[in-house]
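Taking it in order: structure first as structure tokens, then the write-up.
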Amino acid sequence: MPDYTAFAAAARALAPRAAVVLGSGLGGVVTAFREHVSIPFGDVPGLVPPTVSGHGGRLALGEWGAEPALVFFGRLHFYEGHPWGVVCGPARVAAELGARAFIQTNAVGGIHPSLGPGSLMGVAKHLTLLDGSAWRTPVAASPYSPRLLDVLATAKAARGRTLLTGTYAALTGPSYETPAEIRALAAMGADVVGMSTAREAEAAAALGLEAAAVSCVTNHAAGIGGEPLDHAEVVRNALLAADRLAALLGAAVAAV
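Residue numbers (UniProt numbering): 1 to 256.
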């Protein structure tokens with residue numbers, strides 16, 4: 001396994017234009033990714049190993065289809081005790097290694113009635129109930145690239161389905177939300193809820209990267225479906241959407 005200096009040299013030689021972040025249980029979407037080399041998060045300056053199940057904690061370099069790409073297997077969360085600078089570290093690393101786009105995936109709870117388990121949603125904007133940020137640079141009203149969102153929607157349409165787009169609510173976690181909190185989020189306009197993505201997208205945009213995110217609905221949000229919430233269910237349902245999510249990611253990577 002290479003050290004980071006060797007990994008960075010290999011990345012600059014291959015010149016990946018896109019970096020993809022795979023969230024909880026979503027590592028199985030990489031059927032079209034041909035890995036050349038990888039390195040643990042702990043060996044990347046500024047990153048640390050993740051502590052959450054379903055997050056592999058390594059950075060890989062290779063080709064997604066015919067396109068060179070970086071893939072982060074897993075992510076870091078604020079609720080693990082990391083400062084925002086560490087949580088947003090993958091965006092910084094992607095920019096340092098020459099990526100032009102930062103494409104995130106995440107596992108979320110569905111709030112909107114049309115977004116049940118197994119659904120995919122393109123993130124058009126977000127709202128946060130998070131403290132602080134890693135970046136002082138102001139970003140636009142939404143850090144997410146309309147161009148890449150259109151690419152994702154077109155890829156979904158090519159498979160005969162419409163990609164719903166909406167608002168991602170980012171909360172600190174790690175506990176799941178209460179039914180009362182979900183009702184409040186719905187009133188605020190949230191369509192899905194998760195514990196990541198928002199600050200990382202802001203960081204990517206501040207660094208000059210095109211930011212995009214696709215949410216995989218792995219469970220009904222609290223008080224909507226009636227089922228108890230647990231992380232094992234999140235990981236199981238994420239696997240069920242892997243093929244459909246992989247097709248969207250492939251289109252986005254190719255469009256960068």
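For glycine and all other residues, C-beta sits at the position ideal for the given N, C-alpha and C.
Item: Segment limits, beta strand (DSSP E) that includes Ala176; Value: Rather than Ala, the amino acid found at residue 176 in this sequence is Tyr. Element bounds for Tyr176: n/a, residue is neither H nor E.
Item: Sub-7 Å separation of Pro16 and Pro68 beta-carbons; Value: yes
Item: CB-CB length for Ala91 against Cys216, believed under 8 Å; Value: Actually they do not touch by this definition, with Cβ atoms about 20 Å apart.
Item: Those runs of the beta strand (DSSP E) which lie wholly inside the segment 142-217 and span at least 3 residues; Value: 164-170 and 192-194
Item: Beta-carbon contacts of His77 that lie in its chain and below 8 Å, excluding the five residues immediately before and after; Value: Pro50, Val52, Val87, Gly173, Pro174, Met195 and Ser196
Item: Residue environment, Met188, which counts as buried when at least 16 other CB atoms sit within 10 Å; Value: exposed
Item: Stretch-stretch touch, CB-based, cutoff 8 Å, three pairs: the segment 59-68 with the segment 20-33; Value: yes
Item: Burial state of Arg199 (16 or more Cβ within 10 Å); Value: buried
Item: In DSSP terms, what Thr105 is bridged to; Value: Val214
Item: Distance between Phe73 and Ala212 (C-alpha atoms, nearest Å); Value: 17 Å
Item: 3 or more residues per run - each beta strand (DSSP E) lying fully within the segment 61-94; Value: 67-73
Item: Alpha carbon of Pro146 to alpha carbon of Gly25, nearest angstrom; Value: 26 Å
Item: Nonlocal neighbours in the same chain, by C-beta distance under 7 Å from Ala8, ignoring five residues either side; Value: Leu97
Item: Contact between the segment 160-168 and the segment 203-211 (3+ Cβ pairs under 8 Å); Value: no
Item: Through-space distance from Ala94 to Met121, alpha-carbon basis; Value: 24 Å
Item: Start-to-end residues for the beta strand (DSSP E) that takes in Val123; Value: Leu120 to Thr128
Item: Nearest to Glu233 (by Cα), restricted to the options Tyr176, Leu127 and Ala254; Value: Tyr176
Item: Residue from Phe41, Ala190 and His36 whose Cα sits closest to the Cα of Leu129; Value: Ala190
Item: Cα-Cα separation, Lys125 to Glu202; Value: 11 Å
Item: Beta-bridge partners of Gly110, as assigned by DSSP; Value: Val192 and His220
Item: Close beta carbons around Gly42, own chain, < 8 Å, minus the five adjacent residues each side; Value: Val48, Pro49 and Gly57
Item: Neighbourhood of Leu22 by C-beta, 6 Å cutoff - its chain only, sequence neighbours within 5 removed; Value: Phe73 and Thr105
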